[in-house]
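2 protein chains.
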Amino acid sequence: MTYGDAIDATFHALGDPTRRALLDRLRTGPLPVCDLAADLPISRPAVSQHLRVLSEAGLLLVTPQGTRRLYSIAPDGIAALRTYLDTVWDDALAGFAAAAHAQAAKAARKE
Amino acid sequence: MTYGDAIDATFHALGDPTRRALLDRLRTGPLPVCDLAADLPISRPAVSQHLRVLSEAGLLLVTPQGTRRLYSIAPDGIAALRTYLDTVWDDALAGFAAAAHAQAAKAARKE
DNA sequence: CATCTCCGTAAGTCATGACTTACCGTAAGT
DNA sequence: ACTTACGGTAAGTCATGACTTACGGAGATG
Chain R
827 MTYGDAIDAT
837 FHALGDPTRR
847 ALLDRLRTGP
857 LPVCDLAADL
867 PISRPAVSQH
877 LRVLSEAGLL
887 LVTPQGTRRL
897 YSIAPDGIAA
907 LRTYLDTVWD
917 DALAGFAAAA
927 HAQAAKAARK
937 E
Chain V
827 MTYGDAIDAT
837 FHALGDPTRR
847 ALLDRLRTGP
857 LPVCDLAADL
867 PISRPAVSQH
877 LRVLSEAGLL
887 LVTPQGTRRL
897 YSIAPDGIAA
907 LRTYLDTVWD
917 DALAGFAAAA
927 HAQAAKAARK
937 E
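Sequences listed follow chains R and V, in order.
Numbered according to our numbering, the first sequence spans residues 827 to 937.
Numbered according to our numbering, the second sequence spans residues 827 to 937.
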């Protein structure tokens, strides 16, 4: 029924637009918290909380550098997401094709 | 900055575990609402509301059949998701590789 | 037509979670 | 050692949204 709590946390983390904005911002490379907060209309602690959620979901990595903490996208997290989506995708396509087939057969029988 | 409200609605819809359970349930093929509600510990109206959210996010298709309404996964919705993830994925991998490279170069310089 | 099943909508309740300010560590610079 | 920048945590507020029950409409069945 569930693909595990990991995927669960991942999708929950991605559900928030601000967190996706953070991910987008990190696409070009690692950044410290202050830089991330400067681009967003929310307070720095709020950013910290979002980063925490993303990290616990396995989507971010942290590398302390002096007094700063550089956040970067975790390839493993994205990989898990893609794996999940690929599964849903394949099954859905197969199911869709089968349904379309059945539908076409039924229509052909009817007309 | 945003990939559009469509992707926004899609991720929001996927953020709820019950809705992902509905998607999982529909992977094998279209089902009417009563069947979907039977598998979940929530009321049927709650299921209807989730189905509405998923439909508006472009993730589900509806095909009325008499008094029933068959819900099925919308391939286009999943496709949009994959496209978005592919973009994030590619950029992140490139950024990660670049960062790792810089890190390795710095480490080599230091030692 | 009467009835029954299927299902969407409305209204209201309640939990979750996204923000705020205030505070406290930790590391670098003087 | 003192100060300053960075950033995580705590506590509290407030909006969002996930559920409930009650209701109404639309199609099948007698």
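All residues carry an ideal CB built from backbone N, CA and C; glycine is no exception.
Next item on the list: Using a Cβ-Cβ cut-off of less than 7 Å, give me the residues of the segment 869-887 of chain R that come near chain V, in sequence order.
Entry: none
Margin query: By the three-class DSSP mapping on this structure, what secondary structure does R845 of chain V have?
Written below: Reading the second sequence from its first residue, position 19 is the one you call residue 845 of chain V. If DSSP states are grouped into helix, strand and coil, R845 of chain V belongs with the helices.
Next item on the list: Verify whether the separation of the beta carbon atoms of T893 of chain R and A872 of chain R is less than 9 Å.
Entry: As a first step, residue 893 of chain R must be located in the first sequence, where it is residue number 67. As a first step, residue 872 of chain R must be located in the first sequence, where it is residue number 46. No, these two residues do not count as a Cβ contact at 9 Å.
Notebook entry, point to check: Could you give the residue range of the alpha helix (DSSP H) that holds T889 of chain V?
Noted result: Along the second sequence, one-based indexing puts residue 889 of chain V at 63. Careful: T889 of chain V lies outside any alpha helix (DSSP H), inside the beta strand (DSSP E) at L886 to Q891.
Check: What's the C-alpha gap between D865 of chain R and G884 of chain V?
Finding: The residue you call residue 865 of chain R lines up with position 39 of the first sequence. The residue you call residue 884 of chain V lines up with position 58 of the second sequence. Each residue's alpha carbon lies about 30 Å from the other.
Check: Can you check whether the CB of R846 of chain R is closer than 9 Å to the CB of F837 of chain V?
Finding: Position 11 of the second sequence, counting from 1, holds the residue named residue 837 of chain V. Position 20 of the first sequence, counting from 1, holds the residue named residue 846 of chain R. A contact, by the Cβ cut-off of 9 Å.
Margin query: I want to verify the contact list: residues of chain V whose CB lies under 9 Å from the CB of L862 of chain R, in sequence order.
Written below: The residue labelled residue 862 of chain R in the question sits at position 36 within the first sequence. Here the premise fails: no neighbours, minimum Cβ distance about 14 Å.
Margin query: For a test of the three-state rule: what should DSSP assign to L857 of chain V, helix, strand or coil?
Written below: Residue numbering aside, residue 857 of chain V sits at position 31 when the second sequence is read from its first letter. Residue state, collapsed to three classes: strand.
Notebook entry, point to check: In chain R, which residues lie less than 9 Å from D834 of chain V when you measure between Cβ atoms?
Noted result: Your numbering for residue 834 of chain V matches position 8 in the second sequence. By Cβ distance, chain R contributes P843 and R846.
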